[in-house]
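Student: As they're listed, the protein sequences go chains A and B.
Mapping the first sequence onto the numbering used here, position 82 (from 1) lands on 98, and the numbers just tick up by one.
Mapping the second sequence onto the numbering used here, position 3 (from 1) lands on 19, and the numbers just tick up by one.
One structure is given below, represented as structure tokens, and several questions about it will come after.
Protein chains: 2
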Amino acid sequence: METSAYAKDCPSRQILDRIGDTWSVLIVVMLADGPHRYTELAKRIEGVSPKMLTQTLRGLERDGLLSRTVHPVVPPRVDYALTSLGQSLYALVEGLEKWAEAHIDDVQAARVAYDAYSAK
Amino acid sequence: METSAYAKDCPSRQILDRIGDTWSVLIVVMLADGPHRYTELAKRIEGVSPKMLTQTLRGLERDGLLSRTVHPVVPPRVDYALTSLGQSLYALVEGLEKWAEAHIDDVQAARVAYDAYSAK
DNA sequence: CTTTCCACTATCCCGCGGGTAAGTACTGCA
DNA sequence: TGCAGTACTTACCCGCGGGATAGTGGAAAG
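So, in structure tokens, the structure goes:
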């Protein structure tokens with residue numbers, strides 16, 4: 017009965033972790049409209065530390081979700097772009113956003129109701 | 017340009033966090049086939065501590081994703097079930113699982129290739 | 001000859017998420 | 001009298017994820 021996801025080697029678990037990762041999703045969204053450079057990402061993704069940016073980019077690259085292109089010029093220039101696999105993942109993220117927008121009111125109403133009841 | 021998700025109050029961010037949460041997803045999956053009791057969940061979701069189980073259940077209940085029904089009998093009996101909102105979220109989770117199954121081979125191939133190249 | 005630019009990489013350190021374990025309340029059954 | 005069973009809650013503690021900061025390299029600009 018090993019429910020899909022306690023095992024770390026389960027496909028669902030791995031994708032779920034990726035989706036749950038703040039920076040991964042932000043990067044995928046940023047790259048959805050085309051390739052960007054390291055510093056561009058750093059500037060536009062507010063709050064990310066260089067360490068996490070590099071770490072996350074490496075993880076996404078390793079999983080084949082984005083491509084890393086080094087231009088051998090000085091100063092160095094590196095472009096990051098979604099692969100087709102990354103683009104298909106972005107489709108999922110879009111789906112989540114749609115759901116979020118559609119149902120956030122319900123969720124927030126539930127929260128208000130719950131908190132009001134608990135506080136009483 | 018405030019990219020959807022750095023702000024905590026963004027709908028996408030909140031849903032993403034929920035999806036990324038191991039126990040939340042496992043519970044939703046477990047409840048997809050019908051209501052279950054506290055101890056049933058504890059037994060079938062391997063590795064969850066009572067603390068996290070309760071904490072996660074409360075969170076999901078607060079968000080209106082599941083309902084908690086207390087039966088005033090002795091010994092106590094509490095049933096948890098997905099609400100319609102919870103069921104619509106489960107549809108998303110299913111979508112993620114489908115994607116995971118369809119693309120996990122690509123991802124793993126990419127990882128093997130990446131690791132082989134790095135180790136060299 | 002020093003500074004600047006870009007893309008990292010390395011190191012230290014702190015907060016907190018989550019695990020373990022023990023406590024609680026209630027009642028029926030032996 | 002006391003133990004079992006259910007659904008928690010509370011207290012304590014530890015590991016590590018991630019932030020901040022500093023270092024690297026090499027060419028060109030001033």
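Built from N, CA and C at the ideal position, the CB exists for glycine as well.
Quick one: which residues of the region 27–55 of chain A get their C-beta closer than 9 angstroms to a C-beta of chain B? List them in chain order.
Tutor: Cβ contacts with chain B: P27, S28, R29, Q30, I31, L32, D33, R34, I35, G36, D37, T38, V41, L42, V45 and M46.
Student: Could you check what DSSP says for A97(A) in three-state terms: helix, strand or coil?
Tutor: As a working note, residue 97(A) is residue 81 in the first sequence. DSSP places A97(A) in strand when its eight states are reduced to three.
Student: Starting from L81(A), trace the alpha helix (DSSP H) in both directions and tell me its first and last residue.
Tutor: One-based indexing of the first sequence puts residue 81(A) at position 65. No alpha helix (DSSP H) contains L81(A), which DSSP labels as neither H nor E.
Student: Pull up the distance between the alpha-carbon of S134(B) and that of E62(A), whole angstroms please.
Tutor: One-based indexing of the second sequence puts residue 134(B) at position 118. One-based indexing of the first sequence puts residue 62(A) at position 46. Spanning the two alpha carbons is a distance of roughly 30 angstroms.
Student: Evaluate D176(B) with the Cβ neighbour count: other Cβ atoms within 10 Å of its Cβ, from every protein chain shown; 16 or more gives buried, anything less gives exposed.
Tutor: Any property of residue 176(B) remains undetermined from this structure, which presents chain B solely from 17 to 136.
Student: For a quick check, are the C-beta atoms of L112(B) and S28(A) less than 8 angstroms apart?
Tutor: For the purposes of this step, residue 112(B) is identified with residue 96 of the second sequence, where counting begins at 1. For the purposes of this step, residue 28(A) is identified with residue 12 of the first sequence, where counting begins at 1. Cβ distance < 8 angstroms, so L112(B) and S28(A) count as in contact.
Student: For my contact list, L82(B) and A97(B) are in at a C-beta cut-off of 8 angstroms; report their separation, rounded to the angstrom.
Tutor: Counted from its first residue, the second sequence places residue 82(B) at position 66. Counted from its first residue, the second sequence places residue 97(B) at position 81. Right, their Cβ atoms sit about 6 angstroms apart.
Student: Give a yes or no on whether the C-beta atoms belonging to G102(B) and V44(B) are separated by under 8 angstroms.
Tutor: Sequence index remark: in the second sequence, residue 102(B) carries index 86 (1-based). Sequence index remark: in the second sequence, residue 44(B) carries index 28 (1-based). The answer is yes: Cβ separation under 8 angstroms.
Student: If you follow the alpha helix (DSSP H) that A58(A) is in, where does it begin and where does it stop?
Tutor: As a working note, residue 58(A) is residue 42 in the first sequence. Residues Y54 to R60.
Student: For V86(B) and D95(B), I'd like the C-alpha separation in whole angstroms.
Tutor: On the second sequence, residue 86(B) is found 70 positions in, with the first residue counted as 1. On the second sequence, residue 95(B) is found 79 positions in, with the first residue counted as 1. When rounded, the distance between both Cα atoms is 7 angstroms.
Student: Of all the CB atoms in chain B, is at least one closer than 8 angstroms to the CB of R78(A)?
Tutor: Sequence index remark: in the first sequence, residue 78(A) carries index 62 (1-based). Yes, because at least one Cβ of chain B sits closer than 8 angstroms to the Cβ of R78(A).
Student: How many angstroms separate the CA atom of W12(B) from the CA atom of V123(B)?
Tutor: Limits of chain B in this structure are 17 at one end and 136 at the other, which puts residue 12(B) out of reach.
Student: Just verifying my parser: in three-state terms, what is the DSSP assignment at A132(B)?
Tutor: The residue you call residue 132(B) lines up with position 116 of the second sequence. A132(B): helix per DSSP, three-state reduction.
Student: Span of the alpha helix (DSSP H) holding D9(B)?
Tutor: Because chain B here runs from 17 to 136, residue 9(B) falls outside it and cannot be looked at.
Student: Measure the C-alpha to C-alpha separation of E77(A) and A132(A) and round it to an integer number of angstroms.
Tutor: Reading the first sequence from its first residue, position 61 is the one you call residue 77(A). Reading the first sequence from its first residue, position 116 is the one you call residue 132(A). For E77(A) and A132(A), the distance between alpha carbons rounds to 46 angstroms.
Student: Determine, using beta carbons only, whether G36(B) and L32(A) come nearer to each other than 8 angstroms.
Tutor: Walking along the second sequence from the start, residue 36(B) turns up at place 20. Walking along the first sequence from the start, residue 32(A) turns up at place 16. Result yes, Cβ atoms of G36(B) and L32(A) sit closer than 8 angstroms.
Student: Cα-Cα, which of S104(B), T55(B) and D121(B) is closest to P91(B)?
Tutor: By one-based count along the second sequence, residue 91(B) stands at place 75. Checked all of S104(B), T55(B) and D121(B); the closest Cα to P91(B) is T55(B).
Student: Below 7 angstroms, is the gap between the Cβ of V45(A) and the nearest heavy atom of the ligand SAH?
Tutor: Absence of the ligand SAH is noted for the structure shown, with no ligands found whatsoever.
Student: Relative to the alpha-carbon of S100(B), which residue among L42(B), Q30(B), C26(B) and P51(B) has its alpha-carbon at the smallest distance?
Tutor: Locating residue 100(B) in the second sequence gives position 84, where the first residue counts as 1. When each option's Cα is compared against that of S100(B), the closest is P51(B).
Student: Between V109(B) and V41(B), is the Cβ-Cβ spacing less than 8 angstroms?
Tutor: Along the second sequence, one-based indexing puts residue 109(B) at 93. Along the second sequence, one-based indexing puts residue 41(B) at 25. Cβ atoms of V109(B) and V41(B): closer than 8 angstroms.
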